[in-house]
Structure formats: C-alpha cells, structure tokens
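Taking our numbering, I'd label the letters of the sequence shown as residues 858 to 1139.
By construction, the Cβ of each residue, glycine as well, lies at the ideal position given by its N, Cα and C atoms.
A quick write-up on the structure given underneath.
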Amino acid sequence: MKKQTTMIAISLATSLMMAGCAQKSEEASNVKKDSKVEAKVNLDSEINNYRDFVISQTEEFVTNTQKFVDAINAGNMAEAKRLYPISRSYFERIEPVAESFGDLDPKIDAREGDVPANEWTGFHKIEQVLWVQNTTKGLEKYTEQLMKDANYLRAKVETAEIDPVLFVTGPVELLNEVSSSKVTGEEERYSHTDLADFAANVEGSAKILELLSDKLKAKDTDLATTIENRFNDLMTTLNTYKKGDGYVDYKQLKEDEVKKLAQQVDALAEPISQVGSTLGVN
C-alpha cells in the first residue's frame, strides 16, 4: 500500500509539473502574441491623410488632362506636347491606387503591345500620334475616352479601399515602376519624357514615407534617416535634369548617367522594403 501511495504521489507530481510547463508555454505564447499585436502600428490617420492626397492629385489630374485635351482639340501641337508630361505626373504619383481599379489603369496608361491594338486607348496612344505622326488630327475618339476615364478615376478614389498593406508597400511599388519602365526608357518611347514620370513616381513614394515618418522614426530612427538621405540624393540628381517646367529629353542622358539613376533607385528601394516589417504590416 505504501508503494502504491508513493507511485500515486509521483504520478501526481509529474502531472502538476506537466500542467505547470503547459501553463508557462501558453503564457509564453500569449506574450509573443501580445508583443506582435503591440508591434503592429495603427495607420488609420496616415491612410486618411493619404486618401486626401490621392483625391487632390486626381482633381489636378482631371484639370490638367482637360487642358491637354483642349490643346489637342484646338490643334495646338506645341502646347499639347508641353502639357502631356505635366498631366501625366498627377497620375504617376498615385499609381498604386490607380492600379487597384482593374482595367481602368490600362485604359489610361497602357503602352503599345500591352493590350490588343483595337483596345489601345489612353495617353500612350495619343503620345504616338503626337510624336510619331506629328499631328493633332483624328484624336477625338481617344481624347474623349481619356477624359471619361480620368473623371471616372476621380469618382472612384473617393471610396477606394486603401488597406495598410497597399499603403505601406506603395513606395516600393512606385520605385519598381521606375526600375521596370522609366529607367529603361520604355514608358515614354515616343516622347522621351520619362524623367517627368520618373520624378512623379519618386514624389509619390516620398509622400507616403512623409506620412509614415513619425511612426517609422519611433520604431527605427536609423532606417528613417537612411531613407530620407537616399531620397534627397535621388532628387538632387533628378533636379540636375530639370528644364523649364519639365525635364530634358531622356535620350540626352548618357549611359553612365542612366546607370547612376538606376543605382540610386535600387539604393533607395532596399531600405524602403523594410518599412512594412518594421511597422508590423506584412
């Protein structure tokens, strides 16, 4: 009986130890979960401010696109060519949001070959006619459609769903746009106004980081400083190519100048890619 009592005591002690371990494990797990919850930053205010920025940019996009279309309809080639990169810049700054509207983005911004020839509309179709055919005639169908799409975009951004992931990844997406089509000269293959698009993408990226600045600094001051310095370096380089209210023809840049821009974009994209995880948004 004594032996049996001893065995029961040992069994009870073991059970208590296991229960204690399980409780500690669960507590540790809860601590980890709690720390993850605490690590995630609330971005509601920043997203609301970004929405205001997107709406204001879209309003300017509609206004300046109308001026561009009016110049074409009036047969004013020089003015149409001057306004082309200006009107596009407002669209380029908010491209992460514009691209979220399915087929609206390609209607406005598709390049030749991106869509079937009979469906090709938007800026780049008009660009081709202005620079390659060197005429403003025969564009009524495309200018009318462009204004419809611009106004539709303006209406859509009012209720656009901008979640934290889209918001935080926006800066990297914009820089990827630069790397994939602006640096290569593929975006504006007829007008060679790529630097205006390039600058607008960078400015759009910078705006999001500006809105995130305080919370990013609270989490990682060094990362925030690195990003700010690399933005400044890139914009300093871009500003050397400014001409009037625009930029020089992209074809004027030498190979080493294009390479420097590409390297600065990559150098900026690397720390920006860490922002999401730093703020707990993945």
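- Around the Cβ of Gly1027, a 10 Å sphere holds 16 or more other Cβ atoms; the residue is buried.
- Taking Glu916 as the centre and dropping the five residues before and after it, the same chain places the C-beta of Arg1011 closer than 7 Å to its C-beta, in chain order.
- In the structure shown, the three-state DSSP call for Glu952 is helix.
- A straight-line Cα-Cα distance of about 21 Å links Leu1052 and Ile1129.
- In the DSSP assignment, Lys1099 is bridged to Tyr1104.
- One alpha carbon belongs to Val1029, the other to Ala1126, and they sit about 6 Å apart.
- Between Gln1109 and Asp1123, the alpha-carbon positions lie close to 22 Å from each other.
- Sorting Tyr1047, Arg1046 and Ile1084 by C-alpha distance to the C-alpha of Val1059 places Ile1084 at the top.
- Residue pairing from DSSP places Glu969 in a beta bridge opposite Val972.
- The beta carbons of Ser1048 and Trp988 sit closer together than 8 Å.
- Counting only runs that start and end inside the stretch 1005-1083, there is no beta strand (DSSP E) element of at least 3 residues.
- Around Tyr1104, the same chain offers Leu1052, Ala1053 and Tyr1098 as residues with beta carbons nearer than 6 Å, after the five sequence neighbours per side are excluded.
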